[in-house]
Structures are given as structure tokens and as C-alpha cells.
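S.K.: Chains A and B are the protein sequences, given in the same order.
Following numbering that gives the first Met the number 0, the numbering of the first sequence begins with 0 at its first residue and continues without gaps.
Following numbering that gives the first Met the number 0, the numbering of the second sequence begins with 0 at its first residue and continues without gaps.
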Amino acid sequence: MNVKRVLGVVLVCALTCFFSSPAMAARGVTDDTIKLGLILVKTGPVAALGLPDGHGMVDYMKYLNEQGGVHGRKIDVIWEDDEFQPPKSVAALQKLIHRDKVLTVITTGGSQQTIANMKTINDYKLSNVPNALMKEFFDPYHPYIFAMGALYETQFECIVDYIFNDLKEKNPRIGVVYTKKEYGKIGLNAIRERAKAYGVDLVNELVLPTGAVDASSQVLTLKQNNVEYVITCDVLPPIISFVKTTEKYNYKPKAIFGFNWATDDMIVKACGKAAENYIGANFVGGWSDDSPGVKLAKKIAKKYGRDEKSIGLTSLYLHGIGASLLFGEAFKRAGRDLNPDSLKAAFETFRDFDSGGIFPPLSYTDKSHAPPEMIKLFKADVPNKRLKAITGWRKPMKMK
Amino acid sequence: MDGGLLFFFQLLVSGVAVGCLYALVALGFVLILKATDILNFAQGEVIMISAFICYFLVTTLHLPFLVAVLITCAAAGLMGILTERLVLRPMLGEPVFAVVMVTIGLSIFLRSMTGILFGHNNLVFPSPFPKETVKMGGIILSQTQIWIMISTLALIIAFFLFFKYSRMGLAMRGTADDQNVAQLMGISVKRVFAMIWAVSFVSAAVAGIFLANVMVINLGLSFVAVSAFPAIILGGLESIPGAIIGGLAIGIIENLAGGYLDQIIGGGVKDVTPFVVLFLILMVRPYGLFGKKEIERV
Numbered sequence: 000m001n002v003k004r005v006l007g008v009v010l011v012c013a014l015t016c017f018f019s020s021p022a023m024a025a026r027g028v029t030d031d032t033i034k035l036g037l038i039l040v041k042t043g044p045v046a047a048l049g050l051p052d053g054h055g056m057v058d059y060m061k062y063l064n065e066q067g068g069v070h071g072r073k074i075d076v077i078w079e080d081d082e083f084q085p086p087k088s089v090a091a092l093q094k095l096i097h098r099d100k101v102l103t104v105i106t107t108g109g110s111q112q113t114i115a116n117m118k119t120i121n122d123y124k125l126s127n128v129p130n131a132l133m134k135e136f137f138d139p140y141h142p143y144i145f146a147m148g149a150l151y152e153t154q155f156e157c158i159v160d161y162i163f164n165d166l167k168e169k170n171p172r173i174g175v176v177y178t179k180k181e182y183g184k185i186g187l188n189a190i191r192e193r194a195k196a197y198g199v200d201l202v203n204e205l206v207l208p209t210g211a212v213d214a215s216s217q218v219l220t221l222k223q224n225n226v227e228y229v230i231t232c233d234v235l236p237p238i239i240s241f242v243k244t245t246e247k248y249n250y251k252p253k254a255i256f257g258f259n260w261a262t263d264d265m266i267v268k269a270c271g272k273a274a275e276n277y278i279g280a281n282f283v284g285g286w287s288d289d290s291p292g293v294k295l296a297k298k299i300a301k302k303y304g305r306d307e308k309s310i311g312l313t314s315l316y317l318h319g320i321g322a323s324l325l326f327g328e329a330f331k332r333a334g335r336d337l338n339p340d341s342l343k344a345a346f347e348t349f350r351d352f353d354s355g356g357i358f359p360p361l362s363y364t365d366k367s368h369a370p371p372e373m374i375k376l377f378k379a380d381v382p383n384k385r386l387k388a389i390t391g392w393r394k395p396m397k398m399k
Numbered sequence: 000m001d002g003g004l005l006f007f008f009q010l011l012v013s014g015v016a017v018g019c020l021y022a023l024v025a026l027g028f029v030l031i032l033k034a035t036d037i038l039n040f041a042q043g044e045v046i047m048i049s050a051f052i053c054y055f056l057v058t059t060l061h062l063p064f065l066v067a068v069l070i071t072c073a074a075a076g077l078m079g080i081l082t083e084r085l086v087l088r089p090m091l092g093e094p095v096f097a098v099v100m101v102t103i104g105l106s107i108f109l110r111s112m113t114g115i116l117f118g119h120n121n122l123v124f125p126s127p128f129p130k131e132t133v134k135m136g137g138i139i140l141s142q143t144q145i146w147i148m149i150s151t152l153a154l155i156i157a158f159f160l161f162f163k164y165s166r167m168g169l170a171m172r173g174t175a176d177d178q179n180v181a182q183l184m185g186i187s188v189k190r191v192f193a194m195i196w197a198v199s200f201v202s203a204a205v206a207g208i209f210l211a212n213v214m215v216i217n218l219g220l221s222f223v224a225v226s227a228f229p230a231i232i233l234g235g236l237e238s239i240p241g242a243i244i245g246g247l248a249i250g251i252i253e254n255l256a257g258g259y260l261d262q263i264i265g266g267g268v269k270d271v272t273p274f275v276v277l278f279l280i281l282m283v284r285p286y287g288l289f290g291k292k293e294i295e296r297v
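Here's what the structure looks like:
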């Protein structure tokens, strides 16, 4: 056997392994391009949530490129569809890393997808912003996960605080309409605990499945029990059916509340007058906000030919713009020497980062990647078919 | 009327309205199942695509609602004939399992096509029915609910007359009873199958149009078909009256459970109760309320 030849092959293999190791600095970054992955649902029943979000992310990067890019580099976003299925998200991430050789991904999708990809995220140092609002993503600290949106618990605590403090209710009759999905159960527990802290028990806890054909029994039960405040924990489609049903049975609670997945102008457009007492919580601004961030988002949408109808859920488009804005800023802060480590370090320099009102001031450190625990409340403005902000960014009250 | 009694009747009536929708969905399944022994897993997608077609006709082409309904039903009927001719007929003689798998493939194809053609956004149907509700003895009914009940009743009567008195209806019944004998009697079984698929798809289209009026239109609308499964099994897999009564029963049971049990037990008893009732009935009548008891002599 030719020993020299064998040694040569071994050397080539060793060099190949070395240069393709997960932590290789230059992966996805060339002199003029940054390759950035994105895994978000594009097709299937959940696509209505993923598409506006993804379009926001892609549009902002396009806009950034047209402004000259970042440090002379253009950002090339590669969007993979996971159909909201963790196995597909896992496969998509492998493709993005090994075939497309991206620097990182903006997000790997929702909670389940992020959990499924956790090891790869750590191995390949993929700084990302999960499309999920779970405490487990930042407590304990995960080095490459940067949470952006307030937890479900925070949102519902703020809603209950609003009833007791802003509306000055002493002993309100509160009912909850929730889905049996994870966020619904988290929401129910948060509301139950918060109301208890104010000395009030919930009058009703009713399940409204996401695909419910009818909400009559829920509405009639709440009406029969004289529930004054209904807090809903479900996505937009069933909440639209629910709000319309309240009108049918002439049930007029003082307010119907919803959380971020059901806080969009669409609820007012779809329900009209029935939504007049609707109040939604969200960790991103409203499409009708008069803030520089929202104005920029509208300008970008217009530039790329998107009107409100084609965007779909504008709150999610705004979220997408916000997530990309974070990455754009992190690329700037990382400087010309961009690699997974410098990107992470750049994210960790954010101190009260101002997005112009798209999301609340945000800070990350090398010890905490927690999101700003703040939301805004929006009330239906029926004549203008909008949700209008009725509060500034606010945190849950400190309970004694 | 006493408050408690009013609550009961209100739940009952709204249960009947929902039950009518389930009945229409179940009817579509049963028609095909009875005649061809195929459980069409693409039925939910037909419901969804019909809702999208009607929405498109009303909002984009600005057609009057009634015209849009007629065109949607015609399109659904044509889709049924094409499905039978292009997808199912080549499968004649193949094992039932293979045919069922083909319908699953068809459901995926239809869902993808709907996404491509109509997009993935949530859409809200501009309801043609006035918002004013109708009060009868204190019981509130929306005009949509009233039209759902009237249309279901009209469709049931039309189907009854069609199956009882028309030549095609008789041919369908004959084919459902025994395909070989029907063929010997000169009935074109292939033509009958095509018609059955068409009628079944029209039934699904009517359900889809009404569902679009009470729910948000998106690709998830197809999952309503799953809610109709207990109705089909409860009524007896191959019984048309069974599908209707099963649908109504499930609608009523769901609503009463939601109104009474959900308050006491909690945790979404409304959705589970139909399956519990179904389980209990199947223990006593394994072939459903109106299904035929099959005795196999060996």
C-alpha cells in the first residue's frame, strides 16, 4: 500500500472536517452577502399566521438591502416552509445549515419547533428569535435564543390588572373562554391566579375549540351567569365566531379581552359593531399607531406592493418587521467580522433598544435573553375598523 | 317562559341548527359510502373549497348570493363527476384500502390547490342574511340559523323525492343494494357512481356555504368533516336517514352538554360528550341507530 497516499487522504479528510465544523466562523458570510435562514409555516391551515410574519421579515431585509445592506453586505433570506410541523422544521434547519450554509436563522418556527431544534441551535450557534412565548426559552438561559414577545402570563396579568385598576372594578364577574391547546391552558391558569390575587374567583371557565362550528352554548352560559368581563385565550378565527355570537344573543359584557394571537384589526373588520367592547393585548404595536416604527412598516409594505388585504394579519406583519429589525441591528453591531459568536455578542449589547414603537424597549445581556415583559392594550374603533391603542407599554402590576 | 326552561330550549334550537350542518356533511359521506363502500376522506376539502368558491364569486365577481350558490353547487357537482371519472374509476376492482388511500391523497391535493388558488388568509364571508335576529317565544334565532334549517330540510325532502321517484334515484338505490344485480338489470353502474359523487359533493357544497357564514374561511374549514364522523356512525354507516338524525342528535347533545355539563365538570365536555354517547349506543347497537345488522352465514 502506498503509505504517502493513505496519509494524504487522511490529511484531506482531517482538513475537510476541520473547515466544516459547526462553529466555523465564516459560514454563511462572504464579502458581499450574509445568508440568513427562516423557517416559518407557508402552507396549510396555520399559514394565515406564518405568511404575514414571514413577509414582514423578508420585506424588511429587502428594504435594508436597498439601503445599501449592512457593512457592504446584502442579506439573502432563504425561507423554508415547515407546515407548522416540528419534524419538517428539523429537516428544514438541517438543509439550511448544510446545503445553504446560512449564518443563522431568524426563527425556526413556534414552540414545538424551537424545542425540537434546540440541540442544533446550540451546536451551530444559531442566534434566533423564536416565534413562541414560553418562559422555558429564556429561563434557564439559552445562549442562542433571544425572546422578543411578552409571555402569555404577562399578557393575561396585564388584562386582569386593567379590569381592577383602570376600570376600577371591585368584584367583577369574570369568565374565561379558552382552547385546550398549550397557550389556552397557560392563559387560563394565569387569569385564574391573577384574579385570585385580587380576591376574585372566575365565574366560568369554558372551552371553545379552535375549529368550533358554534359558540352558542358558551355565550348562553356566560349570559346566564351575568359574566361582565370575558377573557378569551384562543386564536382569531374562533374568537371572531364567538364575538359574532354574543351579538346574536344580545349578550353585552362590559368587555371581551383577547391576547396577541387575537389582537388584530381583522376582528373589528369581521365583527363590526359586535366587536365594540373588544380589547386586545399585544406585544407589538398596532397598525394604526402613530409611531416611527409602524410608519416605516407601512412604508415598506407599500413599497413591496402589499395592501392591508394582501398582508392579512397586519399585527403579524409588524412582528415580522420587528424581528428582522433586530437582526439588522445585530448585524450592524457585530461589524465586518460577522460570525456566530460576534452575532451573539452583538445581540447582547442591546440596552433598551428602541424599535420606534414596533415592540417595547428591549435589552439582552450575556446573562439574560428575556423579552420585555410589556404589552399594550388596544380597543376596537368600530367606525374606523381598527384596534386603537388605549394604553402605552405596560407591565403587570407588582402584587403585594 | 321560565329562565331555566328558556335556556334549555335556546340550547336545543341552536343545537338543531348546528346539527343540520353536521347532517349535511354526514349526508355527503353516507351517499358515497352506501353506494360504493368508499369512505371519502376528501369530503372535508370539498366543503372548504366550496366555501372559497362561493366567497370568490360573491366578493370578487360581485355575483348575487343566490347565483353564487347555484354556481358553487354546479362546480361541486362537476368536481364530483370528475373525481369519480379521473380518480376513482381507474381504481375499480382494487382493494378498498387502496381506494381510501387515494381519497386521502385527493384531500391533500385539494387542500394544496385551494391554498394556491385562493391564498392562505383568514377570510370573512359577507353574510347575505340580515343581522336582525328572530324571537319566537323568547328563543332567539339568527336568520342564518333559520336558513340553515330551511335549506337542510328542503335538501332532505329533495333527496327523498329523488331517491324515491326519479329513475336515477331508483338506479342509485339499486346499485347501492347490489351492484351486480343492478348491472344485470341494465343500470349503468359507472354513470350511477358518477352521479352519486356529484350529489354527495353538492351536499358538501351546501354545508360549506353555510359554514362560511358562521365560521372564518380558511384551510382549517375542512376539519369540520371530522366533527360529522360521530353522526355517521351514530346513524348507521350506510343509512341516509341515519346520517340526518345522527347529525341532529350530535348537534343537540353537544350544545346541551356545553350548556349544562361544561359549567359543572369543565375542561371541554361539550366536545367529548358526543363520543361518549356514541360509545354507549354502539355498545347496544354496534351497527348504529339505523344501520343494517349484517349476518354472515359460514
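Ideal placement from N, C-alpha and C gives every residue a C-beta, glycine not left out.
Computed from a prediction, not measured in an experiment: that's the story for all the values here.
(1) CA-CA distance, B:D261 and B:Q142?
(2) B:T58 CB to nearest chain C CB: under 8 Å?
(3) Does A:G36 come out as helix, strand or coil in the three-state DSSP assignment?
(4) Excluding the 5 residues preceding and the 5 following A:Y140 in the sequence, name in chain order all residues of the same chain whose CB lies nearer than 8 Å to its CB.
(5) Where does A:Y123 land, buried or exposed, given buried means 16+ other C-beta within 10 angstroms?
(6) Pull up the distance between the alpha-carbon of A:L317 and that of A:P51, whole angstroms please.
(7) Using 8 Å for Cβ pairs, my map puts A:I74 next to A:V101. What's the rounded Cβ distance?
(8) So, is the C-beta of B:N121 closer than 8 Å to a C-beta in chain A?
(9) Can you find a C-beta in chain B that's less than 8 Å from the C-beta of A:T220?
(10) Do you know how far the Cα of B:L169 is from the Cα of B:R296?
(11) Under 8 Å Cβ to Cβ from B:L210, same chain only, skipping five residues before and after it: list those, please.
(12) Which residues, taken in chain order from the segment 197–214 of chain A, show a beta carbon closer than 7 Å to some beta carbon of chain B?
(13) Along chain A, which residues have their Cβ under 7 Å away from the Cβ of B:Q262?
(14) If I measure Cβ to Cβ from A:G148 and keep anything under 6 Å in the same chain, skipping five residues before and after, which residues do I get?
(15) Can you tell me whether A:L221 is helix, strand or coil according to DSSP?
(16) In its own chain, which residues sit with a C-beta less than 7 Å from the C-beta of A:S20, not counting the 5 before and 5 after it?
(17) Under DSSP, the beta strand (DSSP E) around B:Y21 begins and ends at which residues?
(18) By a C-beta neighbour count over all protein chains shown, 10 Å radius and 16 as the cutoff for buried, is A:I105 buried or exposed?
(19) Would you mind telling me which residues of chain B sit closer than 7 Å to A:Y248, beta carbon to beta carbon, in chain order?
(20) May I ask you to list the residues that DSSP assigns as paired with A:K124?
(21) Are A:T107 and A:S126 closer than 8 Å when you measure CB to CB?
(22) What are the partner residues of A:A280, as DSSP defines its beta bridges?
(23) Please list, in chain order, the residues of the segment 162–180 of chain A that have any C-beta partner in chain B closer than 7 Å.
(24) Taking Cβ positions only, does A:I38 come closer than 8 Å to chain B?
(25) A:L386 lies in the beta strand (DSSP E); which residues open and close that run?
(26) Mind checking if A:T402 is an interface residue toward chain B, Cβ cutoff 8 Å exclusive?
(27) Answer yes or no: does any C-beta atom of chain B fall closer than 8 Å to that of A:S20?
(28) Give the straight-line distance between the Cα atoms of B:W279 and B:I239, rounded to the nearest whole angstrom.
(29) A:V212 lies in the alpha helix (DSSP H); which residues open and close that run?
(30) Would B:L154 pass as an interface residue toward chain A - the criterion being a Cβ-Cβ separation below 8 Å?
(31) So, is B:G246 buried or exposed, given that buried needs 16 or more other C-beta atoms within 10 angstroms?
(32) Compare the C-beta of A:M147 against all C-beta atoms of chain B and say whether one is closer than 8 Å.
(33) Exposed or buried, which one is A:N225 when buried takes at least 16 other CB atoms within 10 Å?
(34) If we cut at 8 Å on Cβ distances, does B:L218 have a partner in chain A?
(35) Do we get a CB-CB distance below 8 Å when we pair B:Q42 with the residues of chain A?
(36) Expressed to the nearest angstrom, what Euclidean distance is found between the alpha-carbon atoms of A:V381 and A:D264?
M.R.: Concretely, from the data shown:
(1) Each residue's Cα considered, the two are about 27 Å apart.
(2) Checking the listed chains, one finds no chain C in this structure; the protein chains it contains are A and B.
(3) If DSSP states are grouped into helix, strand and coil, A:G36 belongs with the strands.
(4) These residues qualify, in order along the chain: K366, S367, H368.
(5) Buried, since its Cβ has 16 or more Cβ neighbours within 10 Å.
(6) Their backbone Cα atoms lie some 8 Å apart in a straight line.
(7) Contact between A:I74 and A:V101 does not hold, since the beta-carbon distance rounds to 11 Å and is not under 8 Å.
(8) Chain A, which has a Cβ nearer than 8 Å to the Cβ of B:N121, makes this yes.
(9) For A:T220, at least one C-beta of chain B is nearer than 8 Å to its own C-beta.
(10) CA-CA distance, B:R296 to B:L169, rounds to 29 Å.
(11) Counting only Cβ-Cβ distances below 8 Å, and skipping sequence neighbours, we find L20, I46, A50, L220, V223.
(12) Within the segment 197–214 of chain A, the residues whose Cβ lies closer than 7 Å to some Cβ of chain B are N203, E204, L205, V206, P208, G210, V212, D213, listed in chain order.
(13) Under a criterion of Cβ atoms nearer than 7 Å, the residues of chain A adjacent to B:Q262 are, in order, N203, T220.
(14) Excluding positions up to five away in sequence, the list reads L132, F282, P370.
(15) Three-state DSSP puts A:L221 in a helix.
(16) Any reading at A:S20 needs caution, since the residue's pLDDT is 47, under 50, leaving its predicted position unreliable; the model's value is listed next. There are no such residues.
(17) It is not in any beta strand (DSSP E) - B:Y21 instead sits in the alpha helix (DSSP H) that spans 2–35.
(18) A:I105 is buried by the Cβ-count criterion.
(19) Within chain B, the C-beta atoms nearer than 7 Å to that of A:Y248 come from I139, in chain order.
(20) Under DSSP, A:K124 shares a beta bridge with no residue.
(21) No. Outside cutoff.
(22) According to DSSP, which records beta bridges pairwise, A:A280 is partnered with A:L376.
(23) Within the segment 162–180 of chain A, the qualifying residues are K179.
(24) With a threshold of 8 Å between beta carbons, A:I38 makes no contact with chain B.
(25) Bounds of the beta strand (DSSP E) holding A:L386 are 385–388.
(26) Residue 402 of chain A cannot be examined here, being either before or after the span of chain A that is shown, 0 to 399.
(27) Below a pLDDT of 50, predicted positions are generally treated as unreliable, and A:S20, at 47, falls in that range; no measurement from the model is reported.
(28) Checking the displayed sequence, the identity of residue 279 of chain B turns out to be Leu instead of Trp. Each residue's Cα considered, the two are about 21 Å apart.
(29) Segment: none, A:V212 is in no alpha helix (DSSP H) and carries neither H nor E.
(30) At a cut-off of 8 Å between C-beta atoms, B:L154 does not count as an interface residue with respect to chain A.
(31) B:G246 should be labelled buried.
(32) Chain B places no beta carbon closer than 8 Å to that of A:M147, leaving this residue out of the contacts.
(33) A:N225 sits exposed, since fewer than 16 C-beta atoms from the chains shown fall within 10 Å of its C-beta.
(34) Yes, B:L218 lies at the interface with chain A (some Cβ there is under 8 Å from its Cβ).
(35) Residue contact check for B:Q42 against chain A: no CB pair falls below 8 Å.
(36) The straight-line gap from Cα to Cα measures roughly 10 Å.
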